[in-house]
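Structure, as structure tokens:
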Amino acid sequence: EHRINPIAIDALNSALDYVLEEDFRALVVIGEGRFFCNGLDLKWVDAHPKEGVTLQANTERLLARILTFPLPTVAGVNGHMCAAGAMLGLSFDYRIMLDGNSWFFIPALDLGLVYSSGMTSLMKAKT
Numbered sequence: 001e002h003r004i005n006p007i008a009i010d011a012l013n014s015a016l017d018y019v020l021e022e023d024f025r026a027l028v029v030i031g032e033g034r035f036f037c038n039g040l041d042l043k044w045v046d047a048h049p050k051e052g053v054t055l056q057a058n059t060e061r062l063l064a065r066i067l068t069f070p071l072p073t074v075a076g077v078n079g080h081m082c083a084a085g086a087m088l089g090l091s092f093d094y095r096i097m098l099d100g101n102s103w104f105f106i107p108a109l110d111l112g113l114v115y116s117s118g119m120t121s122l123m124k125a126k127t
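The sequence shown runs 1 to 127 under my numbering.
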């Protein structure tokens, strides 16, 4: 379901590094399956409760890196973007919905949860 955890963050950062090392003119990211990104990996957070704050900080650093990436960035959204996965999608310059059955949603708003100031600013700027 393409959840954000340390392995996903490392993989995305490595992909960003690779794009910068080569002669690319843009970055396009497309997920596989039903989800573009289904948010933070809550099972990972439950298994590593002391590392949740670090995961959140590393996620926000990744979003900031995509937001400020020196090449145009495109999220080819082929599935749902949920919660922190929606934040990931918003961090790209452009989002193209490749599947008419995809959803963009932020359930924490309905639950009354509070997002970080960085994620709140991202939502205000991009929606």
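Built from N, CA and C at the ideal position, the CB exists for glycine as well.
For residue i, decide whether its Cβ has a neighbour in chain D, counting only Cβ atoms nearer than 8 Å.
i     : result
ASP46 : This model lacks chain D altogether, as it is built from one protein chain only.
With H, G and I counted as helix, E and B as strand and the rest as coil, what does DSSP make of residue i?
i      : result
ARG65  : helix
THR59  : helix
GLY31  : coil
TYR18  : helix
ILE7   : helix
ALA125 : helix
ALA75  : strand
LEU113 : coil
LEU90  : helix
LEU40  : strand
Evaluate residue i with the Cβ neighbour count: other Cβ atoms within 10 Å of its Cβ, from every protein chain shown; 16 or more gives buried, anything less gives exposed.
i      : result
ALA57  : exposed
ASN5   : buried
ASP46  : exposed
ALA125 : exposed
LEU20  : exposed
Can you give me the Cβ contacts of residue i inside the same chain, cut-off strictly under 8 Å, excluding the 5 residues immediately before and after it?
i      : result
LEU122 : LEU63, LEU67, MET87, LEU90, SER91
VAL74  : ALA26, LEU27, VAL28, VAL29, PHE92, ASP93, TYR94, ARG95, ILE96
ARG65  : ASN13, LEU16
If you draw a straight line from the alpha carbon of residue i to that of residue j, how long is it in whole angstroms?
i      : j      : result
SER116 : GLY39  : 14 Å
PHE36  : ASP23  : 26 Å
PHE105 : HIS2   : 15 Å
LEU12  : LEU113 : 27 Å
ALA8   : MET119 : 19 Å
VAL77  : LEU98  : 6 Å
ALA84  : LEU71  : 23 Å
Who are the near neighbours of residue i in its chain, counting only those whose CB is closer than 6 Å to its CB and skipping five residues on each side?
i     : result
PHE69 : none
ARG34 : GLY79
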